[in-house]
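> The structure under discussion is supplied below as structure tokens; questions concerning it will follow.
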Amino acid sequence: MGTRSISVTVDGVRYTDDVEPRLLLVHYLRERLGKTGTVVGCDTSNCGACTVHLDGRSVKSCSVLAVQADGAAVTTIEGLADDGELHPMQRAFHENHALQCGFCTPGMIMQAVDLLNDNPDPTDAEVREGIEGNLCRCTGYQNIVKAVQAAARAGRPAESATTPAGGAA
2 MGTRSISVTV
12 DGVRYTDDVE
22 PRLLLVHYLR
32 ERLGKTGTVV
42 GCDTSNCGAC
52 TVHLDGRSVK
62 SCSVLAVQAD
72 GAAVTTIEGL
82 ADDGELHPMQ
92 RAFHENHALQ
102 CGFCTPGMIM
112 QAVDLLNDNP
122 DPTDAEVREG
132 IEGNLCRCTG
142 YQNIVKAVQA
152 AARAGRPAES
162 ATTPAGGAA
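So the sequence shown is residues 2 to 170, counted in my numbering.
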């Protein structure tokens, strides 16, 4: 079948590799680059555990071939932290107990970050709709929604998050 050369930036580092054309992005990330925070869940794109950002948009990496990421930028759960500091969404998940077994957490966080990039002030219903392609078998989603809302509040300017329009807090 042969191999194809790809060049991809993952978590800010450029990699050039020869890969089989059928190699899934999730397996490339985990097996070649050691990005094991990207979880292999169902291999059918149903659970969302493998969600990463491809050129700034969330994708299920079990449904993307590594060759399709050629020339692209990929961010994994490991790449969200900045110089050892948790990303606000990672912190919110931790502080709001939005995980139990943790299996879905990396993909859920990646999807939630993408959701807030599109809608920085979602309602609870919009959060639930925005993460509906990511399954959690443990939490019942209550604390996940709470964490996404906490991260959304953390991203808003202080005056709009704490002061009603036209009045004092």
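The beta carbon of each residue, even a glycine, is placed where N, CA and C say it ideally should be.
1. Is it the case that the CB of methionine 109 approaches a heavy atom of the ligand NAD more closely than 7 Å?
2. Whose CA, out of Thr39, Gly80, Arg58, Gly13, lies closest to the CA of glycine 103?
3. In this structure, does DSSP put serine 46 in helix, strand or coil?
4. What did DSSP end up calling lysine 21 once you bin it into helix, strand or coil?
5. List the DSSP bridge partners of lysine 147.
6. When the cut-off is 8 Å and only beta carbons count, does valine 53 lie next to chain B?
7. Alpha carbon to alpha carbon, how far is methionine 90 from valine 114? Give it in angstroms, no decimals.
8. Three or more beta-carbon pairs under 8 Å between the region 105 to 114 and the region 125 to 141, yes or no?
9. May I ask you to report which of helix, strand or coil DSSP gives aspartate 12?
10. At which residues does the beta strand (DSSP E) containing arginine 138 begin and terminate?
11. Taking contact to mean 3 or more Cβ pairs, one atom from each stretch, closer than 8 Å, check whether the region 61 to 69 and the region 25 to 32 are in contact.
12. Quick check on DSSP: helix, strand or coil for glycine 168?
13. In chain order, what residues of the same chain have a beta carbon less than 7 Å from the beta carbon of threonine 76, not counting five sequence neighbours either side?
14. Going by Cα to Cα distance, which pick from Ala152, Ala155, Ala148, Val9 is closest to alanine 74?
15. Between the C-alpha atoms of threonine 124 and glycine 42, what's the straight-line distance to the nearest angstrom?
16. Who are the Cβ neighbours of alanine 152 in its own chain at under 6 Å, not counting the five residues just before and after it?
Put simply:
1. Here there are no bound small molecules, and the ligand NAD is not part of this structure.
2. Against the sequence shown, residue 103 aligns to sequence position 102. Nearest option by C-alpha distance: Thr39.
3. Looking up residue 46 in the sequence shown gives position 45. Assignment of serine 46 by DSSP, reduced to helix, strand and coil, places it in the coil class.
4. On the sequence shown, residue 21 is found 20 positions in, with the first residue counted as 1. Here residue 21 turns out to be glutamate, not lysine, going by the sequence shown. Glutamate 21 falls in the coil class under three-state DSSP.
5. Residue mapping note: residue 147 aligns to position 146 of the sequence shown, counting from 1. DSSP, once it has assigned bridges, lists no residue as partnering lysine 147.
6. Among the chains in the structure shown there is no chain B, since it carries only a single protein chain.
7. Counting from one through the sequence shown, the residue named residue 114 turns up at place 113. Counting from one through the sequence shown, the residue named residue 90 turns up at place 89. Their backbone Cα atoms lie some 7 Å apart in a straight line.
8. Contact holds between the region 105 to 114 and the region 125 to 141, because three or more Cβ pairs, one in each stretch, are under 8 Å apart.
9. Here residue 12 is taken as the residue at index 11 of the sequence shown, counted from 1. Looking at aspartate 12 - three-state DSSP - the assignment turns out to be coil, as it is neither helix nor strand.
10. Taking the first residue of the sequence shown as position 1, residue 138 is located at position 137. From DSSP, arginine 138 is part of no beta strand (DSSP E); its letter is neither H nor E.
11. Between the region 61 to 69 and the region 25 to 32, the count of Cβ pairs shorter than 8 Å is three or higher; the stretches touch.
12. Taking the first residue of the sequence shown as position 1, residue 168 is located at position 167. The predicted position of glycine 168 is uncertain, since its pLDDT is 43 and thus under 50; a value taken from the coordinates is nonetheless stated next. In this structure, glycine 168 counts as coil in the three-state DSSP scheme.
13. The sequence position of residue 76 within the sequence shown is 75, counting from 1. Taken in chain order, the residues that qualify are Asp12, Val53, His54.
14. Mapped onto the sequence shown, residue 74 falls at position 73. Ranking Ala152, Ala155, Ala148, Val9 by Cα distance to alanine 74 puts Val9 first.
15. Along the sequence shown, one-based indexing puts residue 124 at 123. Along the sequence shown, one-based indexing puts residue 42 at 41. Taking the straight line joining both Cα atoms gives about 28 Å.
16. Walking along the sequence shown from the start, residue 152 turns up at place 151. Hits under 6 Å: Pro89, Met90, Ala93.
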